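A.B. asks:
2 protein chains.
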Amino acid sequence: MRKLLILLLCAALVACGGKQANQASGAAEKVPEQKVYKWRMVTTWPKNLPGVGVAPERLAEVLRKMSNGRLQITVYGAGEIVPALGVFDAVSLGNVEMGHGAAYYWKGKVPAAQFFTAVPFGLTAQEMNGWLHHGGGMELWEKLYARYNLVPLAAGNTGVQMAGWFNKEIKSLDDIQGMKMRIPGFGGEVFEAAGGTAVNIPGGEIFTSMQTGVIDATEWIGPYNDLAFGFYQVAKYYYYPGWQEPGPTLEMIVNKKAFDSLPPDLQEMLRAAAGMINEDLLSEYTARNNAALEELVQKHGVIVKRLPDDVLRELRRVSEDLVSKLPGDDPLAKEIYESYRKFRKDASAYTEISERAFLNARAETDDLAQ
Amino acid sequence: MRKLLILLLCAALVACGGKQANQASGAAEKVPEQKVYKWRMVTTWPKNLPGVGVAPERLAEVLRKMSNGRLQITVYGAGEIVPALGVFDAVSLGNVEMGHGAAYYWKGKVPAAQFFTAVPFGLTAQEMNGWLHHGGGMELWEKLYARYNLVPLAAGNTGVQMAGWFNKEIKSLDDIQGMKMRIPGFGGEVFEAAGGTAVNIPGGEIFTSMQTGVIDATEWIGPYNDLAFGFYQVAKYYYYPGWQEPGPTLEMIVNKKAFDSLPPDLQEMLRAAAGMINEDLLSEYTARNNAALEELVQKHGVIVKRLPDDVLRELRRVSEDLVSKLPGDDPLAKEIYESYRKFRKDASAYTEISERAFLNARAETDDLAQ
Chain A
649 MRKLLILLLC
659 AALVACGGKQ
669 ANQASGAAEK
679 VPEQKVYKWR
689 MVTTWPKNLP
699 GVGVAPERLA
709 EVLRKMSNGR
719 LQITVYGAGE
729 IVPALGVFDA
739 VSLGNVEMGH
749 GAAYYWKGKV
759 PAAQFFTAVP
769 FGLTAQEMNG
779 WLHHGGGMEL
789 WEKLYARYNL
799 VPLAAGNTGV
809 QMAGWFNKEI
819 KSLDDIQGMK
829 MRIPGFGGEV
839 FEAAGGTAVN
849 IPGGEIFTSM
859 QTGVIDATEW
869 IGPYNDLAFG
879 FYQVAKYYYY
889 PGWQEPGPTL
899 EMIVNKKAFD
909 SLPPDLQEML
919 RAAAGMINED
929 LLSEYTARNN
939 AALEELVQKH
949 GVIVKRLPDD
959 VLRELRRVSE
969 DLVSKLPGDD
979 PLAKEIYESY
989 RKFRKDASAY
999 TEISERAFLN
1009 ARAETDDLAQ
Chain B
649 MRKLLILLLC
659 AALVACGGKQ
669 ANQASGAAEK
679 VPEQKVYKWR
689 MVTTWPKNLP
699 GVGVAPERLA
709 EVLRKMSNGR
719 LQITVYGAGE
729 IVPALGVFDA
739 VSLGNVEMGH
749 GAAYYWKGKV
759 PAAQFFTAVP
769 FGLTAQEMNG
779 WLHHGGGMEL
789 WEKLYARYNL
799 VPLAAGNTGV
809 QMAGWFNKEI
819 KSLDDIQGMK
829 MRIPGFGGEV
839 FEAAGGTAVN
849 IPGGEIFTSM
859 QTGVIDATEW
869 IGPYNDLAFG
879 FYQVAKYYYY
889 PGWQEPGPTL
899 EMIVNKKAFD
909 SLPPDLQEML
919 RAAAGMINED
929 LLSEYTARNN
939 AALEELVQKH
949 GVIVKRLPDD
959 VLRELRRVSE
969 DLVSKLPGDD
979 PLAKEIYESY
989 RKFRKDASAY
999 TEISERAFLN
1009 ARAETDDLAQ
């Protein structure tokens, strides 16, 4: 009788176990995986630098809210975990899951990456977004970064920058001969080919270098950031237009393995949040730059001037030549160059009768504005 | 003995039941509310019209993926549930949860709404985003639409449009006197004040009206959409720049009660998805317009011309006068007008030395391009 009793008890318990198992799997079908991903995002920006430095924090906050805390990203400024120029490798090697910066910082290792930030006399912010998201650019960027186990996303833009700060007036091409200017990336190579001397130093050291005369000129971003850096104290002339960076795209890079480990809903959130911040950061610069420019002129007596035609023409001539040589023997780099060049030709043809024609018509009738 | 057996079995089953209960509640604590929201989004666009009509579908798809199917939005074209111009009321009354369209369609009921789409000689797409998201514009838009139980979100932009299609050449201001043109919104009022006759007919009826001579001219969007509508078959002259709509923002409107009923994570997804599509649609137009323009010119012999200076100046003079009268006695409308006017003044001052100065420098050196 005892044996029978034990047998029956076991049968009952097994049945319960089975029921539990079913219930568990039933629940799993309804409810998405609730695992919490605690990620680290390293950036090339000084911690909380207005604009570019704050955007990654905003990005992380939106993702935390959308994911109900399932995706928690901690943002680190340049040098906190890795130096500014170590971001690419840190994410590529998987030491951290994410990074935020600008592709042209990696030109030493990936020359073609520069096409995905800015090319002198190249695409504006609106044209860059058009090329990346509806002109085949994004697919080429993904192909290029796949070599380094990275998934790239466009995540911010500063709009047309300024040509930079100069400690003397630029009257003609002669005035930039031998001039020492802090100008990184492709713009630097062009400046050198045009007779100047390009120096590349981190943002934090620019002010002192100008003050001590190590450099005669520098470019940084635009009025909003340049005012905060106090460049008006070490240079009097502020030149435009920003021929070297007409609409630099900022990048969010994600380690491929980390990206693939996310469930589809979180992957989609990453893409949407990047798209949102891509517009939001450009909007912030568009809204803040003018007030800063006014303060620079009114309060600090900065002289704003346009680069002379002969300087602009020489910089254009040289950059067209240099950019055509950039791809070298890399077939993918050639493909990227051709795609970028064709898009610029096509898009600027329409920009001629849309954006440019409108801005000129608005300016030419501004005397009638109230 | 039997009784004991049954007692023991019951005890075992109760124990199991308890275990199940605990496990269930344990899971419930971790998991966010899994309620599924099945919403309807009505639009002012012909179903699946390239660009503006497809954007809402893309928006719904992204939200479905991000929410793991918790937010399922069905998109309806103009006339499927409510007519194009009935979208505002349908969402305001809560008959449907969402809508997609353009704020200036509601000018009859809400004159100040036009500031949130486009103002003649007003802000470009980039400047509109700057004003809305970092210049105080969005807060004013929310304040205005709160009167109608609506939450507005910027959700798309076409960029600078074309001035339109004309069946004869415009040599001077005299040529538009008495001319019958399909031009809605604020642009129509300006066209009338400049001597023309503005007609407002839905997109679907424009072609026939041009063909039968009911109207002499029409504006629609830009090459990408205009080519599809076949306007080149009924008009030879295609004029620029789109003075009437320099960067029209499209709106996503959500019924306030419906919006408040969403959990915070889904509300955040709505905002991020709107921000994403706001950039994505502009990118699509930027990438598609030129190929369409080329086809119009090369394949269909369309003549592309710039409006004469005296026409542009008169349209500017008249619009400055009309827009200043738009607010009437509504204090909020006055506040919106002042905010918009100040932002245009400030932003265009920086646009002068950034966007405009760069586009001109690029164009003036294009002879050096490869």
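As given, the protein sequences belong to chains A and B, one line each in that order.
825 is the number that this note's numbering gives to position 177 of the first sequence; each next residue is one higher, with no gaps.
779 is the number that this note's numbering gives to position 131 of the second sequence; each next residue is one higher, with no gaps.
For each residue, glycine too, the CB sits at the ideal point set by N, CA and C.
Every value quoted in this text rests on a predicted model; they were computed, and no experiment measured them.
List, in chain order, every chain B residue whose beta-carbon is nearer than 7 angstroms to that of A:SER820.
C.D. replies: Simply none; closest approach about 16 angstroms.
A.B. asks: Using a beta-carbon distance below 8 angstroms, is B:GLY1034 in contact with chain A?
C.D. replies: Nothing about residue 1034 of chain B can be read from this structure; chain B reaches only from 649 to 1018.
A.B. asks: Mind listing the chain A neighbours of B:ALA1005? Cutoff is C-beta to C-beta under 7 angstroms, in chain order.
C.D. replies: What B:ALA1005 touches in chain A: TYR888, PRO889, ARG954.
A.B. asks: Where B:PHE834 and B:PRO768 are concerned, what is the direct C-alpha to C-alpha distance, given to the nearest angstrom?
C.D. replies: Rounded to the nearest angstrom, the two C-alpha atoms are 7 angstroms apart.
A.B. asks: Which residues in the same chain as B:MET827 place their Cβ atom closer than 7 angstroms to its Cβ, once the five residues preceding and following it in sequence are excluded?
C.D. replies: Around B:MET827: GLY844, THR845, ASP864, ALA865.
A.B. asks: Show which residues of chain A have a CB atom less than 7 angstroms away from the CB atom of B:PRO894.
C.D. replies: Within chain A, the residues near B:PRO894 are PHE1006.
A.B. asks: Quick one: which chain B residues come within Cβ less than 8 angstroms of A:GLU936?
C.D. replies: Checking the sequence, you will find Arg at residue 936 of chain A rather than Glu. By Cβ distance, chain B contributes HIS782.
A.B. asks: Going by DSSP in three states, A:LEU801 sits in which element: helix, strand or coil?
C.D. replies: Strand at A:LEU801.
A.B. asks: List the endpoints of the continuous alpha helix (DSSP H) containing B:GLU840.
C.D. replies: It spans 833-841 - the alpha helix (DSSP H) in which B:GLU840 sits, taken as one unbroken run.
A.B. asks: Any idea what DSSP makes of A:GLY923, helix, strand or coil?
C.D. replies: Reduced to three states, the DSSP call for A:GLY923 is helix.
A.B. asks: Are any of the Cβ atoms in chain B nearer than 8 angstroms to that of A:TRP754?
C.D. replies: It does not; no Cβ of chain B falls within 8 angstroms.
A.B. asks: If you drop the 5 nearest sequence neighbours on each side, which residues of the same chain put their C-beta closer than 8 angstroms to that of A:GLN762?
C.D. replies: Cβ neighbours of A:GLN762 beyond the five flanking positions: ALA751, TYR752, LYS755, GLY833, PHE834, LEU974.
A.B. asks: Within 8 angstroms of any Cβ in chain B, is that where the Cβ of A:TYR880 sits?
C.D. replies: Closer than 8 angstroms: no.
A.B. asks: Quick one: list the residues of chain A neighbouring B:GLU1000, beta-carbon separation under 7 angstroms, in chain order.
C.D. replies: Those are ALA1011, listed as they occur along chain A.
A.B. asks: Assign B:GLN720 to one of three DSSP states: helix, strand, or coil.
C.D. replies: Note: B:GLN720 maps to strand in three-state DSSP.
A.B. asks: Please list the terminal residues of the continuous beta strand (DSSP E) segment that includes A:TYR685.
C.D. replies: Here the beta strand (DSSP E) through A:TYR685 covers 685-691.
A.B. asks: With DSSP run on the structure shown, which of helix, strand or coil describes B:ILE818?
C.D. replies: It is coil, neither helix nor strand.
A.B. asks: Assuming the contact rule is C-beta atoms closer than 8 angstroms, A:GLY747 and A:VAL700 should be a hit. Round their C-beta distance to whole Å, please.
C.D. replies: Contact flag wrong, Cβ pair sits at about 13 angstroms.
A.B. asks: At a CB distance below 8 angstroms, what residues from the segment 698-717 of chain B approach chain A? Give them in sequence order.
C.D. replies: Within the segment 698-717 of chain B, the qualifying residues are VAL710, LYS713, MET714, SER715, ASN716.
A.B. asks: How about A:PRO896 and A:ASN805: are their beta carbons less than 8 angstroms apart?
C.D. replies: Going by C-beta atoms, A:PRO896 is nearer than 8 angstroms to A:ASN805.
A.B. asks: When you compare only the Cα positions, how much space is there between A:TYR985 and B:GLU775?
C.D. replies: Those two C-alpha atoms are separated by around 30 angstroms.
A.B. asks: Rounding to the nearest angstrom, what Cα-Cα distance links B:GLN915 and B:PHE907 in this structure?
C.D. replies: When rounded, the distance between both Cα atoms is 7 angstroms.
A.B. asks: Taking the alpha carbon of B:SER820 as the point to measure from, which residue in B:LEU963, B:ALA703, B:GLY949 has its own alpha carbon closest?
C.D. replies: The option with the nearest alpha carbon to B:SER820 is B:LEU963.
A.B. asks: Roughly how many angstroms separate the alpha carbons of B:ALA841 and B:VAL966, rounded to a whole number?
C.D. replies: Taking the straight line from one Cα to the other gives about 7 angstroms.
A.B. asks: Quick check: the Cα distance between A:ASP1014 and B:GLU932, rounded to an integer number of angstroms?
C.D. replies: Those two C-alpha atoms are separated by around 30 angstroms.
A.B. asks: To which residues of the same chain is B:PRO956 closer than 7 angstroms at the C-beta, ignoring the five residues directly before and after it?
C.D. replies: Around B:PRO956: ILE818, LYS819, SER820.
A.B. asks: Does the structure place the segment 867-882 of chain A close enough to the segment 995-1009 of chain A that three or more beta carbon pairs sit under 8 angstroms?
C.D. replies: No, because fewer than three Cβ pairs between the segment 995-1009 of chain A and the segment 867-882 of chain A fall closer than 8 angstroms, the two stretches do not touch.
A.B. asks: Should the segment 945-953 of chain B be regarded as contacting the segment 727-743 of chain B, the criterion being three or more beta carbon pairs within less than 8 angstroms?
C.D. replies: Taking 8 angstroms as the limit for Cβ pairs, the verdict is that the segment 727-743 of chain B does not touch the segment 945-953 of chain B.
A.B. asks: Can you pull out the residues from the segment 760-789 of chain A whose beta carbon lies closer than 8 angstroms to at least one beta carbon of chain B?
C.D. replies: Flagged, chain order: PHE769, THR772, ALA773, GLN774, GLU775, ASN777, GLY778, TRP779, LEU780, HIS781, HIS782, GLY783.
A.B. asks: Give, in chain order, every residue of the segment 952-981 of chain B whose Cβ lies closer than 7 angstroms to some Cβ of chain A.
C.D. replies: Going along the segment 952-981 of chain B in chain order, one finds VAL952, ARG954, LEU960, ARG961, ARG964, ARG965, GLU968, SER972 with a Cβ nearer than 7 angstroms to chain A.
A.B. asks: Check each residue of the segment 901-924 of chain B: if its Cβ is closer than 7 angstroms to any Cβ of chain A, include it; give the result in chain order.
C.D. replies: Under the 7 angstroms Cβ criterion, the segment 901-924 of chain B contributes PRO912, ASP913, GLU916, MET917, ALA920, ALA921, GLY923, MET924.
A.B. asks: Of all the beta strand (DSSP E) runs that stay within the bounds of the segment 912-989 of chain A, which reach a length of 3 or more residues?
C.D. replies: Here the runs fully enclosed are 951-954.
A.B. asks: Between which two residues does the alpha helix (DSSP H) holding B:LYS757 run?
C.D. replies: No alpha helix (DSSP H) holds B:LYS757; DSSP gives it neither H nor E.
A.B. asks: Closer than 8 angstroms is the cut-off here; do at least three beta carbon pairs connect the segment 880-894 of chain A with the segment 725-732 of chain A?
C.D. replies: Contact between the segment 880-894 of chain A and the segment 725-732 of chain A is absent, because fewer than three Cβ pairs lie under 8 angstroms.
A.B. asks: My output table needs one value for B:ALA675: the three-state DSSP class, helix, strand or coil.
C.D. replies: Reliability of the predicted coordinates at B:ALA675 is poor, the pLDDT of 36 falling under 50, and no value is obtained from them.
A.B. asks: Taking just the CA atoms, how far does B:LYS713 sit from A:SER715?
C.D. replies: A:SER715 and B:LYS713: Cα-Cα distance of roughly 12 angstroms.
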